[in-house]
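>
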Amino acid sequence: MSLNWFVPWYPSWPMAAFLVLGALLYLRGSLRRRTPAWRQALFWVGWVLIWQGLQTQWDYLAEHEFFVHMLQQTVLHDLGPLLVIAAWPGPTWRSGLPARWRRRWLLPLLGLAPVRWLSKLLLNAAVAVALFSGLVVFWLVPKVHVGVMLNTNLYQLMNWTMVFDGLLFWWLVLDPRPAPPAHIRPGWRIFLPVIGMLPQMLLGAVLALNSTDWYPIYTLCGRAVAGLSAMSDQHLGGLILWIPASAINVLASMAALRRWMRLSERLSERQPAATRRPDAGVAPSQATQTPRHA
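Residue numbers (my numbering): 35 to 328.
(1) Would you identify the three-state DSSP class for N185, choosing helix, strand or coil?
(2) Within 10 angstroms of its Cβ, does E99 collect 16 or more other Cβ (buried), or is it exposed?
(3) Can you give me the C-alpha to C-alpha distance between A160 and G168, rounded to a whole angstrom?
(4) If you follow the alpha helix (DSSP H) that A213 is part of, which residue opens it and which one closes it?
(5) For the alpha helix (DSSP H) that E303 lies in, which residues bound it at each end?
(6) With C-beta atoms as the reference, is V228 less than 8 Å away from N283?
(7) Are D93 and W127 touching if we call contact CB-CB under 8 Å?
(8) With a CB to CB cut of under 7 Å and the five nearest residues on each side skipped, what residues in its chain are close to P176?
(9) Shortest alpha-carbon distance to Q190 belongs to which of A164, A96, L146, R300?
(10) Assign P318 to buried or exposed, taking buried as 16 or more other Cβ atoms, counted over all protein chains shown, within 10 Å of its Cβ.
(11) Going by beta carbon distance, what residues of the same chain come within less than 6 Å of M231, once the five residues before and after it are set aside?
(12) So, does the stretch 55-68 touch the stretch 99-113, judging by three or more C-beta pairs under 8 Å?
(13) How many Å lie between Q74 and S245 at the Cα?
(14) Go through the stretch 67-152 residue by residue and report every complete run of the alpha helix (DSSP H) that reaches 4 residues or more, in order.
(15) Any idea if G256 is buried or exposed, counting beta-carbon neighbours within 10 angstroms, 16 or more meaning buried?
(16) Can you confirm whether the stretch 170-184 touches the stretch 77-92 when touching is taken to mean that 3 or more C-beta pairs between the two stretches lie within less than 8 Å?
(17) Between which two residues does the alpha helix (DSSP H) holding I218 run?
(18) Kindly indicate which three-state DSSP category A160 falls into: helix, strand or coil?
(19) Apart from the five residues on each side of it in sequence, which residues of its chain come closer than 6 Å, Cβ to Cβ, to S129?
(20) Quick check on this structure: which residue in H103, L76, W72 has the alpha carbon closest to the alpha carbon of G87?
(21) How close, in whole Å, do the beta carbons of R293 and P212 come, if the pair is a contact with beta carbons under 8 Å?
(22) Quick check: G80 and G114, are their CB atoms within less than 8 Å of each other?
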């Protein structure tokens, strides 16, 4: 791979700052907390995938082939954030942030009324599902998509929304804690990815099976893959949205089910003694002995 691949097609210092800060905080936190190696591996693979999708030459290819664009968005919206959240990086990030900064900046910020209102809105299950599937469909509306391909700021906004919406949604789905403090009950978390993938599957099937070129902008910009027709390009992109993206959601649903089972096991192990049978731990002869009366 040429080193030119790692030169951003659309350099963005906010994106670069976000990626570098997240990586440094996680590295510092994992050293302080001794985060398990498998969690670190999941995080770094996901973080590298997000970086690839945001700040490399991937943007150039995504602007000249629709199926490459769909690969990029699947990584930014589904696979990359899913791997990051599967590592459950929140505690590690908090450990990486100096305690003085947490007391002076983070806690006061989280206590602001607008921040609390916005977090309550975004962490609502119905809103989260609507955003997760709705944003994908919105950015693929043909008239909207043409504007995105011709406007750098809109293109970067699309990528930003894909990443942050993916991180938010998978955080709700893969939260290993009971509710509360988790925002959604464990049983409901299993169904969120299935519900969220339905509009994407429908749109992917339409793109993969129809015979109308919805995105002629790629032909106007020039295609990066020689010999690939417009319809073949669109069909490949629809298949990516239809099958691999849906498969990622199914895997996330299975992961949520596994976390629910582990949570149930931990809660049963912590069951207080008061909820057990009164004669638990008493010898049979003692439990059946008739008390004496004076």
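C-beta: ideal position from N, C-alpha, C; glycine also.
Remember, predicted model here, so these are calculated numbers, not experimental data.
Well, looking at it:
(1) Correct three-state label for N185: coil.
(2) E99 counts as buried, since no fewer than 16 other beta carbons sit within 10 angstroms of its beta carbon.
(3) Whole-angstrom Cα-Cα distance: 12 Å.
(4) Per DSSP, A213 lies in no alpha helix (DSSP H) and is assigned neither H nor E.
(5) Where E303 is concerned, the enclosing alpha helix (DSSP H) stretches over 278-303.
(6) It is a contact, given that the beta carbons lie within the stated cut-off.
(7) No. Outside cutoff.
(8) Only W248, Y249 meet the Cβ criterion.
(9) If we check each option's Cα against that of Q190, A96 comes out closest.
(10) Caution is warranted here: a pLDDT of 46 is assigned to P318, below 50, making its placement in the model unreliable, and no coordinate value can be reported.
(11) Cβ-Cβ distances below 6 Å link M231 to S280, N283 in the same chain, with the five nearest sequence neighbours on each side left out; the list follows chain order.
(12) Note that the stretch 55-68 does not touch the stretch 99-113; fewer than 3 beta-carbon pairs, one per stretch, sit closer than 8 Å.
(13) C-alpha separation (whole angstroms): 45 Å.
(14) Within the stretch 67-152, the complete alpha helix (DSSP H) runs of at least 4 residues are 71-88, 92-96, 100-108, 114-120, 124-130, 141-145.
(15) Result: exposed.
(16) Contact fails: fewer than three Cβ-Cβ distances are below 8 Å.
(17) No residue range can be given for I218, since it is assigned to no alpha helix (DSSP H) and is classified by DSSP as neither H nor E.
(18) It is helical.
(19) Short of 6 Å from the beta carbon of S129, and not among the five residues preceding or following it, lie these beta carbons of its own chain, in chain order: G63, R66, R67.
(20) Per the Cα distances, H103.
(21) Your pair R293 and P212 does not check out as a contact, with CB atoms roughly 11 Å apart and the cut at 8 Å.
(22) Taking 8 Å as the cut-off, the Cβ atoms of G80 and G114 count as close.
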